[in-house]
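Comments concern the structure below.
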Amino acid sequence: MTQRSDEGNVAPGAEAFQVRDDGIGETVICATCGVQRQVVSAQTCPVCADERQYLPEGGQRWITPEELARRHYNTMTEEEPGLYSIRTAPAFAIGQRALLLATPHGNVLWDCLSLVDDATIAAIRSKGGLAAIAISHPHFYGAMRVWSRAFGGVPVWIHDADRQWIPDPAPEIRTWSGSTKPLPGDLTLIHVGGHFDGSQVLHWPAGAGGHGVALVGDNPNVCADHRWVTFMRSFPNYIPLAADEAERVVAALRPHAFDRLYGWTPERVIRQDAKRNIERSLIRHVRALRGEHGAVTWSARA
Ligand SMILES: [Zn+2]
Ligand SMILES: [Zn+2]
Numbered sequence: 005m006t007q008r009s010d011e012g013n014v015a016p017g018a019e020a021f022q023v024r025d026d027g028i029g030e031t032v033i034c035a036t037c038g039v040q041r042q043v044v045s046a047q048t049c050p051v052c053a054d055e056r057q058y059l060p061e062g063g064q065r066w067i068t069p070e071e072l073a074r075r076h077y078n079t080m081t082e083e084e085p086g087l088y089s090i091r092t093a094p095a096f097a098i099g100q101r102a103l104l105l106a107t108p109h110g111n112v113l114w115d116c117l118s119l120v121d122d123a124t125i126a127a128i129r130s131k132g133g134l135a136a137i138a139i140s141h142p143h144f145y146g147a148m149r150v151w152s153r154a155f156g157g158v159p160v161w162i163h164d165a166d167r168q169w170i171p172d173p174a175p176e177i178r179t180w181s182g183s184t185k186p187l188p189g190d191l192t193l194i195h196v197g198g199h200f201d202g203s204q205v206l207h208w209p210a211g212a213g214g215h216g217v218a219l220v221g222d223n224p225n226v227c228a229d230h231r232w233v234t235f236m237r238s239f240p241n242y243i244p245l246a247a248d249e250a251e252r253v254v255a256a257l258r259p260h261a262f263d264r265l266y267g268w269t270p271e272r273v274i275r276q277d278a279k280r281n282i283e284r285s286l287i288r289h290v291r292a293l294r295g296e297h298g299a300v301t302w303s304a305r306a
């Protein structure tokens with residue numbers, strides 16, 4: 005774990021070789037999606053066997069937490085006051101990042117990584133530790149149980165509609181039902197569905213200087229042109245969401261005020277006007293599904 009304030013190269017520290025004694029038995033990590041599970045439940049990774057993901061040529065590959073720690077380390081970058089991105093380098097699995105959201109009433113880890121080491125834990129503790137973990141959807145489960153246990157078994161909040169994807173049920177993995185759930189620090193989990201039935205977004209009203217922030221996994225997903233998002237069931241396999249599914253995602257976000265959106269990599273951030281861009285993108289998405297292409301204007305209606 006190395007903290008950095010810019011995008012410069014960082015060298016792995018010796019502590020990267022230390023792996024937590026997590027007390028959950030022998031585990032392996034899927035090298036393609038990064039989800040950890042107990043060896044007793046590891047055959048083919050269900051997350052990768054699903055049509056939204058894929059298995060590599062040659063089939064399922066598992067690695068141990070020790071192998072991961074030997075070759076990788078984590079970095080932490082401040083995104084804005086109170087918000088830090090944590091990534092694994094060199095990139096592992098999908099290239100996930102987690103976001104540490106520090107609030108006066110407790111910190112929340114949004115999404116998860118596969119690599120948990122003492123240096124990363126110490127860095128998070130130096131910012132106040134964790135009150136809770138919340139994960140957008142199964143592609144970001146990573147080593148969620150180990151993360152939780154490293155911080156005293158804090159709850160890992162997953163929407164109940166994704167219960168079937170939890171690798172190894174445990175008391176620290178908690179599900180919730182309904183459309184919104186409050187978390188410490190005036191944060192709110194929003195159930196948006198779509199990409200996964202239980203896909204969720206974390207709303208941070210104090211972010212972006214009080215204009216509000218949405219922390220998102222890949223639903224909606226920020227496009228290469230950051231004025232746009234897209235709505236997909238599968239990104240690697242190019243399966244779009246149906247119009248009514250995309251409309252439900254946007255409808256769930258509509259009541260919540262935010263101007264900035266953090267996607268799942270540092271390259272996928274809409275710094276301002278995020279809500280307007282989402283509405284405009286919904287119009288484009290629905291039109292594209294109808295075979296209607298070309299400029300979308302603000303007066304356009306889907
Ligand atoms: Zn997998
Ligand atoms: Zn995903």
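Here my numbering is used: the first residue of the sequence shown is 5, the next is one more, and so on. We put the CB at the ideal spot given by N, CA and C, even for glycine.
Quiz item: Hey, how far is the Cα of Asn281 from the Cα of Pro209?
Solution: What you label residue 281 is simply residue 277 of the sequence shown in a count that begins at 1. What you label residue 209 is simply residue 205 of the sequence shown in a count that begins at 1. Distance between the alpha carbons of Asn281 and Pro209 is about 18 Å.
Quiz item: Can you list, in chain order, every residue whose CB sits closer than 5 Å to a heavy atom of ligand 1?
Solution: Cys34, Thr36, Cys37, Cys49, Val51 and Cys52
Practice problem: Can you give me the start and stop residues for the beta strand (DSSP E) that Ser238 sits inside? | Solution: As a first step, residue 238 is located in the sequence shown; it is residue number 234 there, counting from the start. Here the beta strand (DSSP E) through Ser238 covers Met236 to Ser238.
Self-check item: Chain-order list of residues whose beta-carbon lies under 7 Å from that of Ser181 (same chain, five-residue window excluded)
Solution: Here the question's residue 181 lines up with position 177 in the sequence shown. Same-chain partners within the cutoff: Asp164.
Quiz item: With a Cβ-Cβ cutoff of 8 Å, do Gly132 and Ala106 count as a contact?
Solution: The sequence position of residue 132 within the sequence shown is 128, counting from 1. The sequence position of residue 106 within the sequence shown is 102, counting from 1. Their beta carbons are under 8 Å apart, which means Gly132 touches Ala106 by this criterion.
Quiz item: Can you give the Cα-Cα distance for Pro259 and Ala278, rounded to whole angstroms?
Solution: For the purposes of this step, residue 259 is identified with residue 255 of the sequence shown, where counting begins at 1. For the purposes of this step, residue 278 is identified with residue 274 of the sequence shown, where counting begins at 1. Those two C-alpha atoms are separated by around 14 Å.
Quiz item: When the Cα atoms are used, what is the spatial distance from Ala250 to Thr192?
Solution: Start at 1 with the first residue of the sequence shown, and residue 250 comes out as number 246. Start at 1 with the first residue of the sequence shown, and residue 192 comes out as number 188. Computed Cα separation, rounded: 21 Å.
Quiz item: Whose C-alpha, out of Ala53, Ile274 and Arg74, is nearest the C-alpha of Cys227?
Solution: Reading the sequence shown from its first residue, position 223 is the one you call residue 227. Comparing C-alpha distances from Cys227 to each of Ala53, Ile274 and Arg74 shows the shortest one belongs to Ile274.
Exercise. Check each residue's C-beta against every heavy atom of ligand 2 and list, in chain order, those closer than 5 Å.
Key: His143 and Asp222
Practice problem: Assess, as a yes-or-no matter, whether the stretch 106–116 is touched by the stretch 135–154 under the definition of 3 or more beta carbon pairs within less than 8 Å. | Solution: With the rule of 3 Cβ pairs closer than 8 Å, the stretch 135–154 counts as touching the stretch 106–116.
Quiz prompt | the stretch 81–90 in contact with the stretch 43–54 per 3-pair CB rule at 8 Å | solution = no
Practice problem: Starting from Thr31, follow the beta strand (DSSP E) in both directions and report where the run begins and ends. | Solution: Locating residue 31 in the sequence shown gives position 27, counting from the first residue. For Thr31, the uninterrupted beta strand (DSSP E) run begins and ends at Thr31 to Cys34, by DSSP.
Self-check item: At least three beta-carbon pairs within less than 8 Å, the stretch 236–246 to the stretch 64–73
Solution: Not touching, per the Cβ criterion.
Practice problem: Could you tell me how far apart the beta carbons of Leu119 and His76 are, in whole angstroms, since I believe they sit closer than 8 Å? | Solution: If you number the sequence shown from 1, residue 119 lands on position 115. If you number the sequence shown from 1, residue 76 lands on position 72. Right, the Cβ-Cβ distance comes to about 5 Å (below 8 Å), so this counts as a contact.
Practice problem: With DSSP collapsed to three states, give me the class of Asn241. | Solution: Translated into positions along the sequence shown, residue 241 becomes position 237. If DSSP states are grouped into helix, strand and coil, Asn241 belongs with coil.
Quiz item: By Cβ distance below 6 Å, which residues in the same chain neighbour His195 in space, the five residues on each side in sequence not counted?
Solution: Counting from 1 along the sequence shown, the entry for residue 195 is found at position 191. Hits under 6 Å: His163, Ser183 and Gln204.
Quiz item: Do Ala73 and ligand 3 come close, with the Cβ less than 7 Å from some heavy atom?
Solution: Ligands in the displayed structure: ligand 1 and ligand 2; ligand 3 is not one of them.
Quiz prompt | Bridge partner(s) assigned by DSSP for Val273 | solution = As a position in the sequence shown, residue 273 is number 269, starting the count at 1. Paired residues: Tyr266.
Quiz item: Taking Cβ to Cβ, would you say Phe262 is nearer than 8 Å to Ala218?
Solution: On the sequence shown, position 258 is the one that residue 262 refers to. On the sequence shown, position 214 is the one that residue 218 refers to. Their beta carbons are under 8 Å apart, which means Phe262 touches Ala218 by this criterion.
Practice problem: May I ask which residues mark the beginning and end of the alpha helix (DSSP H) holding Ala218? | Solution: Residue 218 sits at position 214 when you count from the first residue of the sequence shown. Where Ala218 is concerned, there is no enclosing alpha helix (DSSP H), although the beta strand (DSSP E) it sits in stretches over Val217 to Leu219.
Practice problem: Please name the residue, chosen from Glu61, Ile98, Arg56 and Ala102, that lies closest to Asn78 on a Cα-to-Cα basis. | Solution: For this step, residue 78 is matched to residue 74 along the sequence shown. The option with the nearest alpha carbon to Asn78 is Ala102.
Quiz item: Helix, strand or coil: which one does DSSP assign to Leu105?
Solution: Within the sequence shown, the letter at position 101 stands for residue 105. DSSP places Leu105 in strand when its eight states are reduced to three.
Quiz item: Under 8 Å between the Cβ atoms of Glu30 and Gln42?
Solution: If you number the sequence shown from 1, residue 30 lands on position 26. If you number the sequence shown from 1, residue 42 lands on position 38. Yes.
Exercise. Quick one: residues in its chain with C-beta nearer than 6 Å to the C-beta of Arg288, no 5 flanking neighbours on either side, listed in chain order?
Key: Start at 1 with the first residue of the sequence shown, and residue 288 comes out as number 284. Taken in chain order, the residues that qualify are Val300.
Self-check item: Residues bridged to Ser89 (per DSSP)
Solution: As a first step, residue 89 is located in the sequence shown; it is residue number 85 there, counting from the start. Paired residues: Thr81 and Leu103.
Quiz prompt | Reduced DSSP secondary structure (H/G/I, E/B, other) of Arg294 | solution = Indexing the sequence shown from 1 puts residue 294 at position 290. Note: Arg294 maps to coil in three-state DSSP.
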